[in-house]
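Before any comments, here is the structure.
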Amino acid sequence: MSGLIADLRRNAERRGITTGAFGERVARWRMPLRFAIGVVCAAFLFALRPLTPGTILWIALIGIGAVIILELLSRPTSGTAHTEPEENHP
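For the sequence shown, counting from 1, position 48 maps to 47 in numbering that gives the first Met the number 0; every step adds exactly one.
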């Protein structure tokens, strides 16, 4: 799934559509934002009683959609894309 989203993001950047500095900040805060989406979805499930299968399905779909939008908006920088820091050994 992340490969598909990365391809969509690259194709948009080739056409001049980019999120710029906002996307870099979103990429930096991606994990806390994902956690916040999960917390909000869980809060809705606790608040909406009685629970029905339809309610659970809609909340799950909304949460998945929010994560997909978050991934599309994020713009990882090439310097921070899963690189390990190099160590200098004497």
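Backbone N, C-alpha and C define an ideal beta-carbon position, used for all residues, glycine too.
Interface flag, A20 vs chain C, CB-CB below 8 Å: This model lacks chain C altogether; it includes just one protein chain.
A26, buried or exposed, once every other Cβ within 10 Å from all chains shown has been counted against 16: One-based indexing of the sequence shown puts residue 26 at position 27. A26 comes out buried.
Do A59 and I36 come within 8 Å of each other at the CB atom, strictly closer than that value? The residue labelled residue 36 in the question sits at position 37 within the sequence shown. The residue labelled residue 59 in the question sits at position 60 within the sequence shown. Not a contact, by the Cβ cut-off of 8 Å.
What is the DSSP secondary structure of P52, reduced to helix, strand or coil? By one-based count along the sequence shown, residue 52 stands at place 53. Helix, per DSSP.
Can you list, in chain order, the residues of its chain with a C-beta nearer than 6 Å to that of L47? Leave out the 5 residues immediately preceding and following it. Counting from one through the sequence shown, the residue named residue 47 turns up at place 48. Contacts found: T54.
Do L71 and R29 have their C-beta atoms closer together than 8 Å? Residue mapping note: residue 71 aligns to position 72 of the sequence shown, counting from 1. Residue mapping note: residue 29 aligns to position 30 of the sequence shown, counting from 1. No, these two residues do not count as a Cβ contact at 8 Å.
In chain order, what residues of the same chain lie with their CB nearer than 6 Å to the CB of V38, ignoring the 5 residues before and after it? Within the sequence shown, the letter at position 39 stands for residue 38. Cβ within range, chain order: n/a, list empty.
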